[in-house]
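Top line first, the protein sequences correspond to chains P and A. The first sequence begins at 0 in numbering that gives the first Met the number 0 and counts up by one. The second sequence begins at 0 in numbering that gives the first Met the number 0 and counts up by one. Just so you know, even glycine gets a beta-carbon here, dropped at the ideal spot from N, CA and C. Only a predicted model underlies this, so the values are computations on that prediction, with no experimental measurement involved. For reference, the structure is listed below as structure tokens.
There are 2 protein chains.
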Amino acid sequence: MGSKERIHRLKENTKVNIINAAHEIVKEEGWQALSMRKIAEKIEYTAPMIYEYYTNKEGILLELTKKGYLLLGERMKEARDRYETPEEQLDAIWLAYWNFAFDEKEYYQLMFGVQVNCCVIEDLLPLESTPYGIATVPIMQLMGIGDPEDDRVCTKYYTYWSIVHGLVSINIVRKGASDEINRQILKDAITGITRSLKN
Amino acid sequence: MGSKERIHRLKENTKVNIINAAHEIVKEEGWQALSMRKIAEKIEYTAPMIYEYYTNKEGILLELTKKGYLLLGERMKEARDRYETPEEQLDAIWLAYWNFAFDEKEYYQLMFGVQVNCCVIEDLLPLESTPYGIATVPIMQLMGIGDPEDDRVCTKYYTYWSIVHGLVSINIVRKGASDEINRQILKDAITGITRSLKN
DNA sequence: GTAAATAATTTAACACCGTTAGACAAAGTT
DNA sequence: AACTTTGTCTAACGGTGTTAAATTATTTAC
Numbered sequence: 000m001g002s003k004e005r006i007h008r009l010k011e012n013t014k015v016n017i018i019n020a021a022h023e024i025v026k027e028e029g030w031q032a033l034s035m036r037k038i039a040e041k042i043e044y045t046a047p048m049i050y051e052y053y054t055n056k057e058g059i060l061l062e063l064t065k066k067g068y069l070l071l072g073e074r075m076k077e078a079r080d081r082y083e084t085p086e087e088q089l090d091a092i093w094l095a096y097w098n099f100a101f102d103e104k105e106y107y108q109l110m111f112g113v114q115v116n117c118c119v120i121e122d123l124l125p126l127e128s129t130p131y132g133i134a135t136v137p138i139m140q141l142m143g144i145g146d147p148e149d150d151r152v153c154t155k156y157y158t159y160w161s162i163v164h165g166l167v168s169i170n171i172v173r174k175g176a177s178d179e180i181n182r183q184i185l186k187d188a189i190t191g192i193t194r195s196l197k198n
Numbered sequence: 000m001g002s003k004e005r006i007h008r009l010k011e012n013t014k015v016n017i018i019n020a021a022h023e024i025v026k027e028e029g030w031q032a033l034s035m036r037k038i039a040e041k042i043e044y045t046a047p048m049i050y051e052y053y054t055n056k057e058g059i060l061l062e063l064t065k066k067g068y069l070l071l072g073e074r075m076k077e078a079r080d081r082y083e084t085p086e087e088q089l090d091a092i093w094l095a096y097w098n099f100a101f102d103e104k105e106y107y108q109l110m111f112g113v114q115v116n117c118c119v120i121e122d123l124l125p126l127e128s129t130p131y132g133i134a135t136v137p138i139m140q141l142m143g144i145g146d147p148e149d150d151r152v153c154t155k156y157y158t159y160w161s162i163v164h165g166l167v168s169i170n171i172v173r174k175g176a177s178d179e180i181n182r183q184i185l186k187d188a189i190t191g192i193t194r195s196l197k198n
């Protein structure tokens with residue numbers, strides 16, 4: 000009797016429904032709005048039912064993380080395989096990564112621990128006390144530019160900031176590479192950018 | 000009568016106590032454990048009291064964010080002013096930023112929206128389907144290395160990843176620079192790293 | 001076809017959360 | 001001494017994740 004099969008398929012189906020409902024809620028209202036009761040409402044069940052399918056809320060998040068990685072992998076592979084030379088491939092791969100981050104912002108936030116909540120405080124501090132104000136002084140000096148709002152200065156500042164913040168984030172949410180490798184990356188990147196300021 | 004002053008100082012004092020209590024809790028148990036009731040317990044009050052000093056929980060987070068920016072600014076400025084040449088200054092500034100991120104991890108997480116919760120999923124996927132496995136193929140090709148675990152490959156992968164992830168994060172939690180500038184940074188950084196692979 | 005056993009689903013509850021309104025007591029003012 | 005202000009607490013609301021028990025529906029056995 001294949002009814003065992005049929006039932007198993009049905010169960011598998013509501014497992015997927017749960018995940019889809021969760022994803023929808025997050026897309027509509029953000030991660031902070033995701034609750035078991037809301038998921039239940041969306042699939043027309045009561046909250047405790049979900050625990051028959053996932054051990055807890057974290058189990059749902061884990062499943063979504065997994066889906067996210069699968070999707071990101073596909074996008075990157077697809078991008079790579081459209082080109083022949085490794086140079087073009089690398090361009091395409093990281094562009095695909097970039098696009099994934101914004102097309103599937105919710106997945107990206109979950110996968111890499113990017114929160115939104117936080118508030119821009121910098122505007123109420125005097126420029127010379129902000130990271131931007133502090134770091135752009137030597138940047139401007141090297142570039143021979145006087146205006147800290149100049150796009151060329153801004154670009155360089157964000158280049159520094161991005162690499163450092165990226166490396167930091169990666170190391171905070173998951174132990175990234177070894178300390179040795181981190182130090183190497185940081186040093187290389189900083190001196191590389193600094194060199195690029197001078198011409 | 001200076002008692003107005005005395006009372007004002009007392010109020011200011013418990014405002015500070017609240018912030019300190021919050022910071023302590025977060026240092027001990029992480030952001031997800033911070034609650035109004037726990038803060039109240041720590042300062043030996045009841046939860047509603049806190050609302051006499053801060054409009055709500057977000058108000059407390061805002062205050063902590065402000066303190067974080069102040070501290071980071073001090074550290075960066077201090078580092079910069081220890082050196083004369085802009086090259087050394089930039090090295091020192093970004094090293095100070097790096098150190099702040101790990102010395103004051105809790106502040107950093109709040110200021111720049113770095114969550115920890117998330118779970119490493121990559122290990123259960125076949126290497127060739129992970130971002131690492133996909134991107135290291137052209138990297139190895141350009142470097143003439145066969146082992147994807149080679150430290151030189153790993154370093155380069157993390158360099159790419161850091162800059163892209165950093166730029167993405169900055170743009171998700173706060174609208175960073177303009178799209179124009181972002182595209183510029185992304186393109187420059189990617190081609191820069193790619194060039195560095197070939198020698 | 002009916003009775004027993006199993007599975008599916010819900011209700012009720014627990015312990016927590018942020019937040020607000022109202023009560024109450026202490027202090028200050030007139 | 002009476003009145004007002006201030007500080008503080010209790011109780012509550014509506015929300016959260018999660019569990020245990022009760023209930024309903026379905027399958028199995030006779």
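Closest to residue i by C-alpha separation, out of the options, would be which residue?
i      : options                       : result
P:Y96  : A:G191, A:S161, A:A176, A:E11 : A:S161
P:N19  : P:D102, P:I38, P:E83, P:G112  : P:I38
A:K174 : P:I120, P:R194, P:N170        : P:I120
A:W30  : A:Y53, A:R79, A:Y107, A:D178  : A:Y107
P:V25  : P:D178, P:N98, P:K197, P:L60  : P:L60
A:N210 : A:D178, A:T154, A:E73         : No answer is possible for residue 210 of chain A: it lies beyond the span of chain A, which begins at 0 and ends at 198.
A:E77  : P:D178, P:P130, P:L196        : P:P130
A:T193 : P:S128, P:P85, P:L196         : P:P85
A:N198 : A:P47, A:H22, A:R81, A:I144   : A:I144
A:R79  : P:Y82, P:P47, P:S128          : P:S128
P:G179 : A:Y82, A:D178, A:D150         : Here residue 179 of chain P turns out to be Glu, not Gly, going by the sequence shown. With distances taken between Cα atoms, P:E179 lies closest to A:D150.
A:T154 : P:P147, P:S177, P:E148        : P:S177
Return the Cβ separation of residue i and residue j in integer angstroms, given the expectation that the two are a contact with Cβ distance under 8 Å.
i      : j      : result
A:G165 : P:V115 : That belief does not hold up - the Cβ atoms of A:G165 and P:V115 are roughly 16 Å apart, past 8 Å.
P:N12  : P:I42  : Between P:I42 and P:N12 the Cβ distance is about 10 Å, and since that is not below 8 Å, they are no contact.
A:L126 : A:G132 : 4 Å
P:V167 : A:A100 : 4 Å
P:L89  : A:P137 : 5 Å
P:I171 : A:K66  : At roughly 19 Å, the Cβ-Cβ gap does not stay under 8 Å, so P:I171 and A:K66 are not in contact.
P:W93  : A:V163 : 5 Å
P:L109 : P:L63  : 6 Å
P:K10  : P:M35  : P:K10 to P:M35, Cβ: 18 Å. No contact.
A:A134 : P:M75  : 7 Å
A:K14  : A:Y52  : 5 Å
A:L124 : P:Y68  : 6 Å
A:G191 : P:G191 : 6 Å
Provide the residue(s) that pair with residue i in DSSP beta bridges, ordered along the chain.
i      : result
P:V167 : Looking at the DSSP assignment, P:V167 forms no beta bridge with any residue, so it has no partner.
TODO: Would you be able to state if there are at least three C-beta pairs under 8 Å between the region 182-194 of chain P and the region 146-164 of chain A?
DONE: yes
Task: Unbroken stretches of the beta strand (DSSP E), 3 residues or longer, contained in the region 113-181 of chain A - done: none
- [ ] Could you tell me which uninterrupted beta strand (DSSP E) segments, each at least 3 residues in length, are contained entirely in the region 27-63 of chain A, listed from first to last along the chain?
- [x] none
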